[in-house]
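Colleague: Provided herewith is a single structure, encoded as structure tokens, for subsequent inquiry.
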Amino acid sequence: AELSTFGVVAHSSSIKGTTAVDIVSGLHWYIKYSCGAHVSWDKTGGIQIASIPKPGSLPRVKDDGVMIQRPVPWNYYQNVVTSSYSYVWWNWERWENEIDWMALQGVNLPLAFTGQEAIWQKVFMNFNITAHDLDGFFGGPAFLAWARMGNLHGWGGPLSQSWMDEQLVLQKQILTRMQELGMTPVLPSFSGNVPAALSKIFPSAKITRLGDWNTVNKNPRWCCTYLLDPSDPLFIEIGRAFIHQQFKEYGDVTDIYSCDTFNENSPPTDDPEYINSLGAAVYQAMSAGDKFAVWLMQVRCPSMKPGFLLTPFMQALLHSVPFGKMIVLDLFAEAKPIWESSSQFYDTPYVWCMLHNFGGNIEMYGILDSIASGPVDARVSKNSTMVGVGLCMEGIEQNPVVYELMSEMAFRKEKVKVLEWLKTYARRRYGKAVPEIEAAWKILYHTVYNCTDGIADHNTDFIVKFPDWDPSVNPRHIISKQDELHTLFGGGRYLFQQQRSSDFPEAHLWYSNHDTVKALQLFLEGGDIVNGSLTYRYDLVDLTRQVLSKISNEEYTNAILAFRKKDISALKHHSRRFLGLIKDIDVLLASDDNFLLGTWLETSKALASNPIDSKLNEWNARTQVTMWYDTTAALQSKLHDYANKFWSGLLEDYYLPRASTFFGHLINSLEKNEQFKMVDWRVEWIALSNKWQAGSKLYPVKARGDALSIARGLYEKYLRN
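Quick note: the sequence shown uses full-length UniProt numbering, first residue 1, plus one each step.
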């Protein structure tokens, strides 16, 4: 896995490059900056190529050509959980499109985790583990990422044999195409996560049970997975067997392997000597199977003890392998970089990564200035060990502007002047210059795409992340009239962010919604010029949704204030407004193919080979985007709404009844002059959720309604002063 640089040359009649990826990315650069074209994911509006002249009329570049050279060799792509939040229901056709997208962006180091359960099955069965034993080890299709990491076991399963076999076939297609394009795929390796039955088959093996990871009541059926100690000889034996089995199935496709020890779990001890031995064993297991192995490890460990990343413990792990045999992913470098405070990872090569998205949430958000300068600052810093840039989002197909800019940083040696870049971006995305829309993008740059508060942006808007709490008045908190005014439209941050009341939920807001309303107004004014553009339609729906969801937060807050003041009339008024916004946003989302629940559900069923698998897949799909994990009759999952989505169908049939029942209980408590019965609401809601998760209602997969007309109507209804 030698690290070297690549380049692209675009002459007047040809595009040349070191690899197929470089040639394809050179073509992408040419159609962007010579022809004004644009390429994004289909679910974010797709491509705009109407601006490309017909063959024979293509613009020529200058006589001596254009050289675009990578300042760092690697362009990494994916997060270990993207496979569950975004790719889980993909067939080969969708994967083929994604790999083409990767090539256009210059990705040459993609994660390739599909199909590994079939490999693990063969490996563990050679150690006398049965298929029945593995039923409680593998997670269901939508939860495989966390079963692989040892966070949970069995949840969402059992995994069918047909699923494992078909995913293995798909993985071989994926790897073949990646190789054809000159990419270096990153394969999984052994981290010590083992089935419970291994301790019975090898009673003398050093196997410990890890702590609970987010279950409601530490149910051993799902929690507390088993870890084989790295000092046990069996560790290297299993690790070597896994690498060999991958080689047998795929051939010699890579020397780079991903392994994240204790991803969102804590190690049994923080002793540096243990950490060093663990790292050495992980690498020894890799190198026993591939003598040229390089370990790729992501570094963002919030569950580690405070200071872990900046102490001898981290150094012990990074120095547990021979120098040059580890590459670190600085996973959240755009907001919380580690490279500076860790002496550039103690001289270990690293990749500057953008994490950006959590749970595949849909929210307009980004830090464009950090993206445009951070990789350059890191690369030119003293004694830099940076060897690449990377996209490490948990979920894709959102915020296309963020991903286009970050992808370009793989080829840029200088910092990007974001406002100038955005002007050309808008023209390329919509196929023409529209002054109103360009002015809107200037506002968006200073607001939604300028989040500098350091908060990891999960979408916490109350429609999709509904607070699970008792809002009864706490006498220690006195709500003043001035505080209440902060909840009114255009008043900046919400009341609870002003008071910092310990018992009041917070929704993340880092800009003035008044400004984004102005951006929406400009988007609408330019709409007639580009209304036929799918990229415009996507952005219009997304921006309208963004503005209205912030308004809904204010209505929720005002409803709670009314409840605390025992003002039934005001509570009914604001709760009706909140519920009305859910319905209206659902109608808005239904006007664009890319915001539909039905697509997610139908693709899950399409991968099933029989009715039983179809039902299991649909339950997995419905559960991941709602409750996520286990519940009891009166306790919601700790991860409920983590993977929330603004999708038509989900708002109308899931988020709406949840809010409606909650407000109904609040109103009932005031009318009867009784204490709000929190447990009663939870019991009612969890039963409704369980029923919906197990449901089979069909949802549309095609848009209905005119997005521009709907957005204009909602602007008049909610935003016109």
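Every residue, glycine too, gets a C-beta built ideally from N, C-alpha and C.
Opposite threonine 208 in the DSSP bridges: which residues?
Modeller: Residue mapping note: residue 208 aligns to position 208 of the sequence shown, counting from 1. BP columns for threonine 208 point to Leu227.
Colleague: Take leucine 534 and list the residues in its own chain whose beta-carbon comes closer than 7 Å to its own, dropping the five residues that flank it on each side.
Modeller: As a working note, residue 534 is residue 534 in the sequence shown. Excluding positions up to five away in sequence, the list reads Gly45 and Gly46.
Colleague: Do you know offhand how far isoleucine 582's Cα is from leucine 588's?
Modeller: Counted from its first residue, the sequence shown places residue 582 at position 582. Counted from its first residue, the sequence shown places residue 588 at position 588. Cα to Cα, isoleucine 582 sits roughly 10 Å from leucine 588.
Colleague: To test your reading of the DSSP string, which unbroken alpha helix (DSSP H) runs of 4 or more residues are found completely within the segment 542 to 622?
Modeller: 568 to 589 and 597 to 606
Colleague: Give the straight-line distance between the Cα atoms of methionine 314 and phenylalanine 358, rounded to the nearest whole angstrom.
Modeller: Locating residue 314 in the sequence shown gives position 314, where the first residue counts as 1. Locating residue 358 in the sequence shown gives position 358, where the first residue counts as 1. Between methionine 314 and phenylalanine 358, the C-alpha separation is close to 25 Å.
Colleague: Quick check on this structure: which residue in Ile443, Asp453 and Arg564 has the alpha carbon closest to the alpha carbon of asparagine 513?
Modeller: Taking the first residue of the sequence shown as 1, we reach residue 513 at position 513. Nearest Cα to asparagine 513 within the set Ile443, Asp453 and Arg564: Ile443.
Colleague: I'd like to check one pair, tryptophan 681 with phenylalanine 662: are the Cβ atoms closer than 8 Å?
Modeller: For the purposes of this step, residue 662 is taken as the residue at position 662 of the sequence shown. For the purposes of this step, residue 681 is taken as the residue at position 681 of the sequence shown. Result yes, Cβ atoms of phenylalanine 662 and tryptophan 681 sit closer than 8 Å.
Colleague: Helix, strand or coil for tryptophan 155 per DSSP?
Modeller: Position 155 of the sequence shown holds residue 155. In the structure shown, tryptophan 155 sits in coil (DSSP, three-state: anything other than H, G, I, E or B).
Colleague: List in chain order: all unbroken beta strand (DSSP E) runs of 3+ residues lying wholly within the segment 248 to 302.
Modeller: 256 to 258 and 294 to 299
Colleague: Starting from the Cα of phenylalanine 190, find the closest Cα among Arg209, Ser162, Gly157 and Glu117 and give me that residue.
Modeller: The residue labelled residue 190 in the question sits at position 190 within the sequence shown. Comparing alpha carbon positions, the residue from Arg209, Ser162, Gly157 and Glu117 closest to phenylalanine 190 is Glu117.
Colleague: Would you tell me roughly how many angstroms separate the C-alpha atoms of isoleucine 31 and glutamate 397, rounded to the nearest one?
Modeller: Reading the sequence shown from its first residue, position 31 is the one you call residue 31. Reading the sequence shown from its first residue, position 397 is the one you call residue 397. So the alpha carbons of these two residues sit roughly 22 Å apart.
Colleague: Output the residue ranges of the alpha helix (DSSP H) runs that lie fully inside the segment 360 to 438 and measure 4 residues or longer, sorted by chain position.
Modeller: 368 to 380, 400 to 408 and 418 to 430
Colleague: Compute the minimum distance between the beta carbon of histidine 319 and the heavy atoms of the ligand HEM, and state whether it is under 7 Å.
Modeller: What this structure holds is no ligand at all, so the ligand HEM is not there to describe.
Colleague: Run the CB neighbour count on leucine 543, radius 10 Å, all protein chains shown included, and call it buried at 16 or more, exposed below.
Modeller: As a first step, residue 543 is located in the sequence shown; it is residue number 543 there, counting from the start. Leucine 543 is buried by the Cβ-count criterion.
Colleague: One question on the structure: do aspartate 255 and valine 299 come within less than 8 Å of each other, judged by their Cβ atoms?
Modeller: Working through the sequence shown from its first residue, we reach residue 255 at position 255. Working through the sequence shown from its first residue, we reach residue 299 at position 299. For aspartate 255 and valine 299, no; Cβs fall outside 8 Å.
Colleague: For serine 569, would you say it is in contact with chain B, using Cβ-to-Cβ distances shorter than 8 Å as the test?
Modeller: Among the chains in the structure shown there is no chain B, since it carries only a single protein chain.
Colleague: Should the segment 100 to 117 be called in touch with the segment 21 to 38, which here means at least 3 C-beta pairs below 8 Å?
Modeller: yes
Colleague: Answer yes if the segment 620 to 633 comes into contact with the segment 336 to 350, meaning at least three C-beta pairs across the two stretches below 8 Å, and no otherwise.
Modeller: no
Colleague: Cβ atoms of leucine 391 and tyrosine 403: under 8 Å apart, would you say?
Modeller: In the sequence shown, the residue the question calls residue 403 occupies position 403. In the sequence shown, the residue the question calls residue 391 occupies position 391. Cβ atoms of tyrosine 403 and leucine 391: closer than 8 Å.
Colleague: Considering only C-alpha positions, which residue in the set Pro471, Leu520 and Arg712 is nearest to serine 669?
Modeller: The residue labelled residue 669 in the question sits at position 669 within the sequence shown. The residue with the shortest Cα to Cα distance from serine 669 is Pro471.
Colleague: When the Cα of cysteine 399 is compared with those of Leu278, Ser14, Val541 and Phe676, which residue comes out closest?
Modeller: Against the sequence shown, residue 399 aligns to sequence position 399. Note that residue 399 is asparagine in the sequence shown here, rather than cysteine. Of Leu278, Ser14, Val541 and Phe676, the residue nearest in Cα terms is Val541.
Colleague: Short check: CB of valine 123 to CB of phenylalanine 242, under 8 Å?
Modeller: For the purposes of this step, residue 123 is identified with residue 123 of the sequence shown, where counting begins at 1. For the purposes of this step, residue 242 is identified with residue 242 of the sequence shown, where counting begins at 1. With a cutoff of 8 Å on beta-carbon distance, valine 123 and phenylalanine 242 are scored as near each other.
Colleague: Between the C-alpha atoms of glutamine 179 and serine 84, what's the straight-line distance to the nearest angstrom?
Modeller: On the sequence shown, residue 179 is found 179 positions in, with the first residue counted as 1. On the sequence shown, residue 84 is found 84 positions in, with the first residue counted as 1. Glutamine 179 and serine 84: Cα-Cα distance of roughly 23 Å.
Colleague: Have a look at leucine 187 and threonine 225 and give me their C-alpha separation to the nearest angstrom.
Modeller: As a working note, residue 187 is residue 187 in the sequence shown. As a working note, residue 225 is residue 225 in the sequence shown. Answer to the nearest angstrom: the Cα atoms are 22 Å apart.
Colleague: Going by DSSP in three states, leucine 714 sits in which element: helix, strand or coil?
Modeller: Numbered from 1 along the sequence shown, position 714 holds the residue referred to as residue 714. DSSP places leucine 714 in helix when its eight states are reduced to three.
Colleague: Tell me, which residues are paired with tyrosine 85 by DSSP?
Modeller: To locate residue 85, count along the sequence shown from 1; it is residue 85. Tyrosine 85 pairs with nothing; no bridge assigned.
Colleague: Under DSSP, the alpha helix (DSSP H) around asparagine 97 begins and ends at which residues?
Modeller: Looking up residue 97 in the sequence shown gives position 97. Looking at the DSSP string, the run of the alpha helix (DSSP H) that includes asparagine 97 is 92 to 105.
Colleague: Per the contact definition of three or more C-beta pairs closer than 8 Å, is the segment 352 to 368 in contact with the segment 51 to 58?
Modeller: No, the segment 51 to 58 is not in contact with the segment 352 to 368.
Colleague: When DSSP builds the beta bridges, which residues end up paired with valine 351?
Modeller: As a working mapping, residue 351 is identified with position 351 in the sequence shown. Paired residues: Leu329 and Gly388.
Colleague: Could you compute how far the alpha carbon of serine 480 sits from the alpha carbon of alanine 335?
Modeller: Locating residue 480 in the sequence shown gives position 480, counting from the first residue. Locating residue 335 in the sequence shown gives position 335, counting from the first residue. Any reading at serine 480 is ruled out, since the residue's pLDDT is 36, under 50, leaving its predicted position unreliable.
Colleague: Helix, strand or coil for tryptophan 74? Go by DSSP, reduced to three states.
Modeller: Locating residue 74 in the sequence shown gives position 74, where the first residue counts as 1. Three-state DSSP puts tryptophan 74 in a strand.
Colleague: Starting from the C-beta of valine 418, find all residues in its chain whose C-beta is less than 8 Å away, skip the five residues before and the five after it, and write them out in chain order.
Modeller: Looking up residue 418 in the sequence shown gives position 418. Taken in chain order, the residues that qualify are Leu368, Asp369, Ala372, Leu405 and Tyr445.
Colleague: Looking at the secondary structure, which residues open and close the beta strand (DSSP E) in which glycine 17 lies?
Modeller: Numbered from 1 along the sequence shown, position 17 holds the residue referred to as residue 17. Element bounds for glycine 17: 15 to 17.
Colleague: Entirely within the segment 126 to 180 and at least 4 residues each: give me those alpha helix (DSSP H) ranges in chain order.
Modeller: 131 to 135, 144 to 148 and 161 to 180
Colleague: Using only CA atoms, which one of Ile585, Asn79 and Leu601 lies nearest to lysine 550?
Modeller: Counting from 1 along the sequence shown, the entry for residue 550 is found at position 550. The residue with the shortest Cα to Cα distance from lysine 550 is Ile585.
Colleague: So, at 8 Å on beta carbons, what are the nonlocal neighbours of alanine 703 in its own chain, with the 5 sequence-adjacent residues on each side left out?
Modeller: On the sequence shown, residue 703 is found 703 positions in, with the first residue counted as 1. Within the same chain, Ala590, Ser591, Asp592, Asp593 and Leu596 come within 8 Å of alanine 703 by CB-CB distance, once the 5 residues on both sides are set aside.
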